[in-house]
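Numbering (this note's numbering), first residue to last: 1 to 364.
C-beta atoms are modelled at their ideal positions from N, C-alpha and C, and glycine is treated no differently.
Note that the structure is a prediction, hence the values are computed from the model and not measured.
Have a look at the structure below, then the notes.
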Amino acid sequence: MVHEVRGIVALDKGSAVRLETILVPDPGPGEALVSVAACGVCHTDLHYREGAINDDFPFLLGHEAAGTVEAVGEGVTNVAPGDYVVLAWRAPCGRCRSCRRGRPWYCFDSANAAQPMTLGDGRKLSPALGIGAFVEKTLVAAGQAVKVNPAARPQAAGLIGCGIMAGFGAAVNTGGVSRGDTVAVIGCGGVGNAAIAASAIVGARTIVAVDVDSRKLEWARRFGATHTVDATATDPVAAIKELTGGFGADVVIEAVGRPETYRQAFYARDLAGIVVQVGVPDPSMTIDLPMIELFGMGGALKSSWYGDCLPTRDFPVLIDLYLSGRLDLDGFVTETIPPDGVEEAFARMQRGEVLRSVVEFPGR
Ligand SMILES: NC(=O)c1ccc[n+]([C@@H]2O[C@H](COP(=O)([O-])OP(=O)(O)OC[C@H]3O[C@@H](n4cnc5c(N)ncnc54)[C@H](O)[C@@H]3O)[C@@H](O)[C@H]2O)c1
Ligand SMILES: [Zn+2]
Ligand SMILES: [Zn+2]
């Protein structure tokens with residue numbers, strides 16, 4: 001059976017996204033059909049529609065979702081119909097060279113649904129990050145559906161499927177932030193603020209939030225920043241150094257994805273400090289750094305793919321932190337919107353008015 005549903009599609013580069021009819025097949029072997037309850041709008045969705053990720057239009061956008069498993073295909077054992085799940089864009093294969101070396105959080109062959117979802121005219125859709133969840137029902141590899149506690153409302157729980165997990169993991173998994181560390185986070189959108197919240201939870205001593213928008217800095221305080229720096233008024237590198245005894249931070253997290261903020265992160269760390277790049281640059285961007293500084297400052301320059309997370313290990317932990325009141329996922333949900341509100345949500349995101357707009361599917 002083919003399910004005819006409505007979903008948000010980017011048909012071509014730069015054009016406004018549209019609500020289209022989507023055809024979703026029943027799950028085949030290893031697949032799960034998920035009824036989406038809520039899905040957050042991430043900056044990466046906008047990168048897709050701008051053609052900054054790749055040119056495989058049309059894209060079925062949305063990838064921060066929670067919902068209920070409706071049906072599973074042959075051989076699926078990790079989830080069953082009725083299970084409440086958050087969708088992950090990493091489902092470690094267990095067989096690639098990275099998984100076999102015991103590093104499944106880098107899995108180079110993460111599983112996605114084998115069957116395509118299509119537009120009404122038969123054109124195959126590229127699901128954003130192998131998910132595609134601005135749609136009433138979506139088809140994923142069963143391994144992408146991670147069971148979590150149904151007490152967590154979907155508008156909040158879905159966010160750990162991308163931005164929150166990416167920011168949280170960038171700090172804790174990739175950057176190894178722990179008790180007593182000094183941390184700076186450049187770019188305090190959903191991802192940056194999740195890095196701030198994570199740093200606070202694990203006991204970082206100083207957490208400097210940097211943004212060009214004062215509203216974002218107010219949010220950052222709420223999530224645990226000890227200091228804020230408005231980069232339109234103050235040089236962030238000098239400010240971070242001043243707030244860390246003149247030395248720079250142990251870990252600097254770049255959550256914008258631009259050369260100038262990467263450069264700031266590079267210079268705002270202490271000797272042997274760590275830069276974690278979680279912001280996604282576009283393919284035209286380059287950066288020029290003196291080799292003597294690369295050597296002389298030591299430490300590590302890391303990028304963080306999805307916060308180096310293992311969804312089955314980390315999602316339930318974040319949900320527990322939420323349900324026990326220690327991770328304010330609700331604080332990231334600035335507004336809930338109907339499915340056809342995504343284009344306006346992109347504009348609000350670009351104007352800095354939201355941390356997350358969350359699409360709700362009625363009746364779920
Ligand atoms: N690595 C991953 O796995 C992963 C996962 C999700 C998102 N991302 C990426 O992380 C980045 C942030 O995503 P988001 O959803 O939080 O986006 P967002 O638009 O909500 O936040 C970006 C923030 O950066 C701020 N900013 C812009 N220019 C700045 C500058 N020059 N200095 C300081 N701050 C500046 C903006 O004001 C905004 O608050 C995006 O590039 C997104 O694609 C990466
Ligand atoms: Zn693998
Ligand atoms: Zn995302």
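Query, Result
"Sheet register partners of ALA300 (DSSP bridge)", "ILE274"
"Start-to-end residues for the alpha helix (DSSP H) that takes in GLU353", "Note, GLU353: premise wrong, no alpha helix (DSSP H); not H, not E."
"Contact under 7 Å by Cβ, VAL359 with PHE59", "no"
"Ordered list of beta strand (DSSP E) runs contained in the stretch 163-222, each at least 3 residues", "182-186 and 206-211"
"Classification of ASN149 by the beta-carbon crowding that lies within 10 angstroms, buried from 16 upward", "exposed"
"Where SER126 falls: helix, strand or coil (DSSP)", "strand"
"Pair within 7 Å by beta-carbon distance, ALA194 and GLY224", "no"
"Rounded C-alpha distance that separates GLN115 from GLY28", "8 Å"
"Any non-hydrogen atom of ligand 2 within 6 Å of PRO92 CB", "yes"
"Cross-strand partners of GLU31 (DSSP beta bridge)", "ALA141"
"Separation of ALA65 from LYS147, as counted between CA atoms", "12 Å"
"Entirely enclosed beta strand (DSSP E) segments - the stretch 220-263, minimum 3 residues", "227-230 and 249-254"
"Backbone CA spacing between VAL252 and GLY163 [nearest angstrom]", "18 Å"
"VAL317 - DSSP class collapsed to helix/strand/coil", "helix"
"ASN54 burial status per 10 Å Cβ neighbour count (16 or more: buried)", "exposed"
"Buried versus exposed, by CB contacts within 10 Å (16 or more), ILE292", "exposed"
"Distance cut-off 6 Å: ASP109 Cβ against heavy atoms of ligand 2", "yes"
"Whether SER35 touches THR68 by CB criterion (7 Å)", "yes"
"Closest by C-alpha distance to ILE207, when choosing among SER324, ALA197 and SER357", "ALA197"
"From VAL212, ALA32, ARG222 and VAL280, residue whose alpha carbon lies closest to that of TYR48", "VAL280"
"Collapsed DSSP secondary structure at ALA38 in the structure displayed", "strand"
"Contact check, THR232 vs ILE186, beta carbons under 7 Å", "no"
"DSSP-derived helix/strand/coil call for LEU61", "coil"
"Extent of the continuous alpha helix (DSSP H) run through PRO150", "Counting along the chain, PRO150 falls outside any alpha helix (DSSP H), and DSSP gives it neither H nor E."
"Cβ contact (3+ pairs, closer than 8 Å) linking the stretch 216-223 and the stretch 282-297", "no"
"Selected residue, minimal CA-CA separation from SER110, among ALA151, ILE240 and ARG90", "ARG90"
"Three-way DSSP call (helix, strand, coil) for GLY14 in this model", "coil"
"Own chain partners of ARG6 with C-beta closer than 8 Å, once the 5 adjacent residues on each side are dropped", "LEU19, GLU20, THR21, ILE22, VAL135, GLU136 and PRO339"
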